[in-house]
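*Asks:* Please read through the structure below; I'll follow up with questions.
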Amino acid sequence: MASKMSTRRVTHCVGSPTFAPAAAIEDRDAHCRALEALQANDLEKAIKAWFNVPDRDDYVYHAMVSVQLAQVQRVVSVGGANGLHAWYRGEQGGEPLPPPPQADIDGYVSIFQPDTLTASALKSFEANAKKGSIRLRVAAYLASKRFLHGSHPLRSQLAIPKTKKKAKTPTGSVPANPYFDFWAWSCRNLEWCGPVAEVQPRSHHVLPVFMHHFGCAVPSHEALRLLKVLAQGRAVADVGSGNGYWAFMLRSYGVTVVPIDSAQSEWRVTWVGDTVKADGAMWLRRNKEQSKDMVLLMVYPIVGGGVAGGVEGGFTRDLLAAYQGDTVAVVGTQNHNGYTSFRGMAMDEFMQREHPDWTKVVQIPLPSFAGKDEALFVFQRGESAGQT
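The sequence shown begins at 1 in full-length UniProt numbering and counts up by one.
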């Protein structure tokens, strides 16, 4: 018997009883006010505008550090002082490099915009990079990681076309994606133009705010469309759904989603009100007949082990062992920084080593926060992957 979805009344934003995601996503005025505040580098005002947070706000964001919104704004106001924007070093290490020019940052952001063809935008990003520049290193790295299966049965649909801008929604002809807007601002403000091959883990006080309001990773238009294409009308089991932002966005793209989470983490904002509170692997086993016809989605799966408890990689391994279907999608790190699933390997390396019966069909870079390196991986087996 399937787990019952929660029917309790959900407070969608702690400290803002009037915030309702479905209404907010259609609120053009709030969207414009938030964008204007971001243009002025006022993150505090932008968050308050979009989430209808009162002027006097004492919420504490707990993540890598514990901060309040006003404190984060003060850090934003000092810019790159004290090495706060020192994201890049030479390929052999050494002293921090000067930040990339804004044109290069804008070029990085444009790769992920709905109205650009991602593959072409990435090629242009590399072609227009100066020799020896940070931009060139970023472009070469992202190009080396991007992969779409060339002989997949749906290969003609994997190249997601660009969209046309219209005035029907705050962002044009596609569903509004506020996380993308806040992320784009952060790239420009924090002087970040994308990840490079050399792992240099760093972060910023802005990230806890983003994580609490939106989640750990930014969904791009291309990623959401690819998931819809590969789902082929099937529902998605979003296991470890957190505050539900990916579930919310997938639903806005017309995908049926069952969000499932153990509720071990706390979020300021909850984007969906029907999350199934359950252990993911147990839910898959209890609902084997239902879940085998669903896509399994893991967004930023925990590593576990050490002070976090459990066994390193146990979350991911347990879900794969319980899942009887043919399509697994993972949003996580594509380098060895150890932020998702495993400390010493990326998801595609793990699947190749321990699950060779699965075929990688997609690996695309995602909009990554400063100091991070995220991607969407999709693996399939059997007929869905073109196997006979």
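Don't be surprised by glycine CBs; every beta carbon is placed ideally from N, CA and C.
#1: Any contact between the region 133-142 and the region 212-220? By contact I mean 3 or more CB pairs, one from each, below 8 Å.
#2: Using 8 Å as the threshold, is the region 53-71 in touch with the region 194-210, meaning 3 or more CB pairs across them?
#3: Name, in chain order, the residues that DSSP records as bridge partners for Arg-89.
#4: So, do the region 187-195 and the region 82-101 have three or more beta carbon pairs nearer to each other than 8 Å?
#5: With respect to the alpha helix (DSSP H) encompassing Thr-118, which residues constitute its N-terminal and C-terminal limits?
#6: Quick one: any contact between the region 274-282 and the region 253-265, if contact means 3 or more CB pairs under 8 Å?
#7: Identify the residues that DSSP records as bridge partners of Ala-37: which are they?
#8: In the DSSP output, what is Phe-369 paired with across the bridge?
#9: Taking the straight line between their C-alpha atoms, what separation do you get for Gln-73 and Lys-48?
#10: Which partner residues of Gly-332 appear in the DSSP bridge assignment?
#11: Decide yes or no for the touch test of the region 142-162 against the region 111-119: beta carbon pairs closer than 8 Å, at least 3 of them.
#12: Thinking C-alpha only, which one of Trp-271, Gly-386, Arg-381 and Glu-289 is nearest Met-12?
#13: Here's the rule I'm using: 16 or more other beta-carbon atoms within 10 Å means buried, otherwise exposed. How should Gly-332 be labelled?
#14: Would DSSP call Lys-277 helix, strand or coil?
#15: Going along the chain, which residues of its own chain have a beta-carbon closer than 7 Å to the beta-carbon of Gly-80, five neighbours each way excluded?
#16: Mind checking which residues open and close the alpha helix (DSSP H) that includes Ala-237?
#17: One question on the structure: do Phe-377 and Lys-360 come within less than 8 Å of each other, judged by their Cβ atoms?
#18: By a C-beta neighbour count over all protein chains shown, 10 Å radius and 16 as the cutoff for buried, is Trp-50 buried or exposed?
#19: With DSSP run on the structure shown, which of helix, strand or coil describes His-221?
#20: Rank Trp-183, Ala-70, Ala-40 and Leu-84 by C-alpha distance to the C-alpha of Pro-54 and give the top, closest one.
#21: Would you report the Cα separation of Ser-151 and Glu-383, rounded to the nearest angstrom?
#22: Mapping the DSSP letters down to three states, classify Thr-316 as helix, strand or coil.
#23: Quick one: using the 10 Å Cβ neighbour count with 16 as the cut-off for buried, is Asp-293 buried or exposed?
#24: When the Cα atoms are used, what is the spatial distance from Ser-156 to His-149?
#25: State the DSSP-derived secondary structure class of Tyr-253, mapped to helix, strand or coil.
#26: If we ignore side chains and look at the alpha-carbon of each, how far apart do Trp-246 and Met-345 end up?
#27: From Gly-254 to Gly-310, what distance separates their C-alpha atoms?
#28: Roughly how many angstroms separate the alpha carbons of Ala-120 and Pro-153, rounded to a whole number?
#29: Using only alpha-carbon positions, find the residue among Val-269, Leu-296 and Trp-185 that is nearest to Leu-227.
#30: Can you round the beta-carbon distance between Val-236 and Val-257 to whole angstroms, since I take them to be within the 8 Å contact cut?
#31: DSSP on Leu-296, reduced to helix/strand/coil?
#32: If you drop the 5 nearest sequence neighbours on each side, which residues of the same chain put their C-beta closer than 8 Å to that of Arg-285?
#33: Rounded to whole angstroms, what's the CA-CA distance from Asn-52 to His-85? Just pull it up for me.
#34: For the alpha helix (DSSP H) that Ser-66 lies in, which residues bound it at each end?
#35: Quick check on the burial criterion: 16 or more other C-beta atoms within 10 angstroms. Buried or exposed for Asp-373?
#36: Ile-47 by DSSP, collapsed to three states: which one?
*Replies:* Taking the geometry as given:
#1: no
#2: yes
#3: Pro-96
#4: yes
#5: 118-127
#6: yes
#7: For Ala-37, which the question treats as bridged, DSSP gives no partner whatsoever.
#8: DSSP output for Phe-369 lists no bridge partner at all.
#9: 12 Å
#10: Ala-375
#11: yes
#12: Correcting the residue type first, residue 12 is His in the shown sequence and not Met. Selected option, being the one with the closest Cα: Trp-271.
#13: buried
#14: strand
#15: Pro-99 and Glu-191
#16: That residue, Ala-237, is in no alpha helix (DSSP H); its beta strand (DSSP E) goes 236-239.
#17: yes
#18: buried
#19: helix
#20: Ala-70
#21: 13 Å
#22: helix
#23: exposed
#24: 10 Å
#25: coil
#26: 24 Å
#27: 36 Å
#28: The identity of residue 120 in the sequence shown is Ser, whereas the question assumes Ala. Using only the alpha carbons, I get a separation of about 23 Å.
#29: Leu-296
#30: 5 Å
#31: strand
#32: Ala-322
#33: 29 Å
#34: No alpha helix (DSSP H) holds Ser-66; the beta strand (DSSP E) holding it covers 66-68.
#35: buried
#36: helix
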